[in-house]
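Numbers in our numbering are just positions in the sequence shown, counted from 1, shifted up by 17.
Beta carbons: idealized from backbone N, C-alpha and C, even for Gly.
Below you'll find the structure, written out as structure tokens, and then a few comments.
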Amino acid sequence: MTTQEEFWNWFIQHEGELFDFDPRREAERERIFDELAGELRKVDPDLAFEFGPNEPRREFVVSAGGIKRAFPAVVSLVSVAPTLDRWQVIAFRPRRPPQVVEFRGKRVDPDDVQFSLLDNGKTAGIYLFIPGFREGDVDLKQIGYLLFDGTLGEYDVETRLGLIKMFSPDTHTVGDRYPLADLPALFDGLVARLEGHRVRPS
């Protein structure tokens, strides 16, 4: 039995606990999450996970944690996922509607964030303008990457995006600026032109 098959066997055995965990019962949640993380690490040490809301079908997202080396492990694990009535298994963190991000006491509203899209003829690049950003601010930089991942999805950020630079909004740069909510459509259009075909749906 492969490590991928062993993981899904474990998942099926604990499916009830994973689907119905109570986020208010922290010890219970941490125990089952720690066990799940441990089983994922047996497949690849960089794999991570996310759960969607507790709805008729709950999302289980298998992520590479933004580490491109682990992308094949995500694909191989999800490709052998069993059919589960209550679960939708998703490879890579998908695109989500922009949300406020809080990290280590700092808070960024996506409505306050702008971007410029860059085109060097081969790959797309992005300037991201975050209120209060200063070079060396690792917390706001982390928030910026979380906004990228949420807006474009993990796969596109790691495979279709080249240069990424972050600035304060008062920094002078060339190029038009747009609200973050416009990023998916403009990015997809640019990538489709650069790659010469329609971008895969996210």
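Query                                                                                                      : Result
Residue 78 versus 105, 52, 160 and 87, residue with shortest Cα-Cα distance                                : 105
Whole-angstrom distance between residue 45 and residue 72, CA atom to CA atom                              : 20 Å
Distance between beta carbons of residue 181 and residue 147, contact taken as under 8 Å                   : At roughly 12 Å, the Cβ-Cβ gap does not stay under 8 Å, so residue 147 and residue 181 are not in contact.
Inter-residue spacing [alpha-carbon to alpha-carbon] between residue 86 and residue 94                     : 14 Å
Whole runs of the beta strand (DSSP E) within the stretch 108-147, excluding any shorter than 3 residues   : 118-120, 123-125, 131-136 and 141-146
Cβ neighbours of residue 19 in the same chain (closer than 7 Å, five flanking residues each side left out) : none
Secondary structure, alpha helix (DSSP H): runs of 4+ residues fully inside the stretch 160-199            : 171-176
First and last residue of the uninterrupted alpha helix (DSSP H) at residue 95                             : 88-96
Candidates 57, 96, 141 and 52, of which the one nearest residue 175 by Cα                                  : 141
Proximal residues to residue 216 (C-beta, below 7 Å), its chain only, five neighbours per side dropped     : Note on residue 216: pLDDT 46, under 50, position unreliable in the model; no value is reported.
Three-state secondary structure (DSSP) of residue 79                                                       : strand
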